[in-house]
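J.: Here it is, the structure in full.
Residue numbers (full-length UniProt numbering): 1 to 216.
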């Protein structure tokens, strides 16, 4: 008897008297019962409850909103596929350093920022893949406008943009929109944890501040 046959025999012997695995009922909802307006309202409510900052913004005003939120910042990182139109007003941003211009670092497959470089920037700006209103969760899938997982985890502030059409109500809807083999980051508010005395500590496992711009 070969080693493989011996192993398989042991496995079969161990499983011989095991009961069959019961069928798990899958009766949960797979589709939304809400209108687009209701989903938007629910998502905003959840995000605010999680202590995220939410900004409902017409799509044409996205550049101005970004410039407003980044006023006083010295440097940011963006994924290489982020729409350039969103960044068009950043040259007007007043910065806190002496250089007189906001430093925009682009993370790309050809130029990957190090952890130390990411830790030194003030914020990261990304798009998103989908958002779940029921849980207040925003999902990133590593697409070119969202970038590597690390760029959304190391900086202390994350500014995330999403559109109303990207908002679904329940988790199965979101899963159906995602490609299972892509790296995913699920975000439910800014990073926070509590110690044994229930003292809330923010920024331990990711950005301390989450700004969500919902393009209407």
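Quick reminder that beta carbons are idealized off the backbone N, C-alpha and C, glycines included.
Owing to the predicted nature of the structure, the values given are computational and were not obtained by experimental measurement.
1. Which complete alpha helix (DSSP H) runs does the stretch 57 to 126 hold, if anything under 4 residues is left out?
2. Please state whether the Cβ-Cβ distance between residue 29 and residue 207 is less than 9 angstroms.
3. Going by other Cβ atoms of all chains shown within 10 Å of its Cβ, with 16 needed for buried, is residue 194 buried or exposed?
4. Check whether the stretch 29 to 47 touches the stretch 134 to 142, counting contact only when three or more Cβ pairs, one atom from each stretch, lie closer than 8 angstroms.
5. Determine the direct distance from the alpha carbon of residue 212 to that of residue 69, and round the result to whole angstroms.
6. How far does the alpha helix (DSSP H) with residue 181 in it reach, from first residue to last?
7. Within the same chain, show all residues whose beta-carbon is closer than 7 angstroms to that of residue 191, passing over the 5 residues directly before and after it, in chain order.
8. Is it true that the stretch 50 to 58 meets the stretch 104 to 114, where meeting means three or more beta-carbon pairs spaced less than 8 angstroms apart?
9. Check whether the Cβ atoms of residue 130 and residue 200 sit closer than 9 angstroms, and answer yes or no.
10. Going by DSSP, what residues sit across from residue 218 in a beta bridge?
11. Please classify residue 194: does DSSP put it in a helix, a strand, or coil?
12. I need the DSSP call for residue 199, collapsed to helix, strand or coil.
13. State the start and end residues of the unbroken beta strand (DSSP E) segment that holds residue 11.
14. For residue 216, count neighbouring Cβ atoms within 10 angstroms of its own Cβ and tell me buried if that reaches 16, exposed if not.
15. Per DSSP, what kind of secondary structure is residue 211 in: helix, strand or coil?
16. Going by Cα to Cα distance, which pick from 33, 6 and 93 is closest to residue 169?
T.: The answer reads as follows:
1. Counting only unbroken stretches of 4 or more residues, the alpha helix (DSSP H) elements lying wholly within the stretch 57 to 126 are 62 to 69 and 115 to 120, in sequence order.
2. Contact: no.
3. Around the beta-carbon of residue 194, fewer than 16 other beta-carbon atoms lie within 10 Å, marking it exposed.
4. Verdict: yes, contact present.
5. Looking at the backbone, the Cα of residue 69 and that of residue 212 are separated by about 11 angstroms.
6. From DSSP, residue 181 is part of no alpha helix (DSSP H); its letter is neither H nor E.
7. Answer for residue 191: 202, 203, 204, 205, 206, 207 and 208, listed in chain order.
8. Flag = no, the stretch 50 to 58 and the stretch 104 to 114 do not touch.
9. Not a contact, by the Cβ cut-off of 9 angstroms.
10. Since the first residue shown for the chain is 1 and the last is 216, residue 218 is missing from the structure and cannot be characterised.
11. In this structure, residue 194 counts as strand in the three-state DSSP scheme.
12. Three-state DSSP puts residue 199 in coil, outside helix and strand.
13. Unbroken run through residue 11 is the alpha helix (DSSP H), 3 to 15; no beta strand (DSSP E).
14. Residue 216 counts as exposed, since fewer than 16 other beta carbons sit within 10 angstroms of its beta carbon.
15. The answer is strand: DSSP assigns residue 211 an E or B state.
16. Residue 33 is the option with its Cα nearest to residue 169.
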